[in-house]
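Undergrad: Going by this note's numbering, the sequence shown opens with residue -1, and the numbers climb by one from there.
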Amino acid sequence: MQLEQEVEGEAAMLALGAELGVALQGHGLVFLHGDLGAGKTTLSRGLIQSLGHRGAVKSPTYTLIEPYELGAVSLYHLDLYRLADPEELEFLGVRDFLDEHSLCLIEWPDKGAGFLPTADLTITIRMTDTGRKVAIQGQSPHGLAVCQRLNQAWGAK
-1 MQLEQEVEGE
9 AAMLALGAEL
19 GVALQGHGLV
29 FLHGDLGAGK
39 TTLSRGLIQS
49 LGHRGAVKSP
59 TYTLIEPYEL
69 GAVSLYHLDL
79 YRLADPEELE
89 FLGVRDFLDE
99 HSLCLIEWPD
109 KGAGFLPTAD
119 LTITIRMTDT
129 GRKVAIQGQS
139 PHGLAVCQRL
149 NQAWGAK
């Protein structure tokens, strides 16, 4: 199942992230695709803040991984843009938190090809003349359920 949403402005991208945070129910593997400046980190910020984080949400471009403990949710935000080789993920201990109990948001997942498992949800953000087009595709039973929850929430508006 694939959903598409037109998003205009930062506030709308943050709101979409918050809706994703609710729909994911605290777990899953999410791949975020899009050019530099497309809004991957903004979407992630909305999601992370919707789960209760009150501080700044910084891009993990230089640290590669930003962990968040949000009550019962263990969330890991990764940015693999600077990764030279997928095997570096092993040295970072990524396998330790790629499990069914955590929520992992991974920007630039192609840099981890061959190491990362299949995502539950793949999100692709494309810039348009008026904003962004966000495509959300479920790739597992959990990802399909997330898409169904989002579709129902959008239909209720």
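Glycine included, each C-beta is placed from N, C-alpha and C at the ideal position.
If you run the structure through DSSP and keep just helix, strand and coil, what is Gln47?
TA: helix
Undergrad: Am I right that Leu76 and Leu34 are in contact with their C-beta atoms under 8 Å? What's the rounded C-beta distance?
TA: Wrong, their Cβ atoms sit about 16 Å apart, outside the cutoff.
Undergrad: From this set, Leu22, Met11, Ala10 and Gln3, which residue's C-alpha is nearest Leu142's C-alpha?
TA: Leu22
Undergrad: If you run the structure through DSSP and keep just helix, strand and coil, what is Ser57?
TA: coil
Undergrad: Quick one: any contact between the segment 111 to 124 and the segment 79 to 95, if contact means 3 or more CB pairs under 8 Å?
TA: In short, these stretches touch, since the Cβ pair count reaches three.
Undergrad: Would you decide whether Lys56 is buried or exposed? Buried here means 16 or more other CB atoms lie within 10 Å of its CB.
TA: exposed
Undergrad: Please report how far the alpha carbon of Ile134 lies from the alpha carbon of Ser42, in whole angstroms.
TA: 14 Å
Undergrad: Grab me the residues of Ala36's own chain with a C-beta within less than 8 Å of its C-beta, minus the 5 sequence neighbours each way, in chain order.
TA: Ile123, Arg124, Met125 and Arg130
Undergrad: Taking the beta strand (DSSP E) that Met125 falls in, what are its first and last residues?
TA: Here the beta strand (DSSP E) through Met125 covers Leu119 to Met125.
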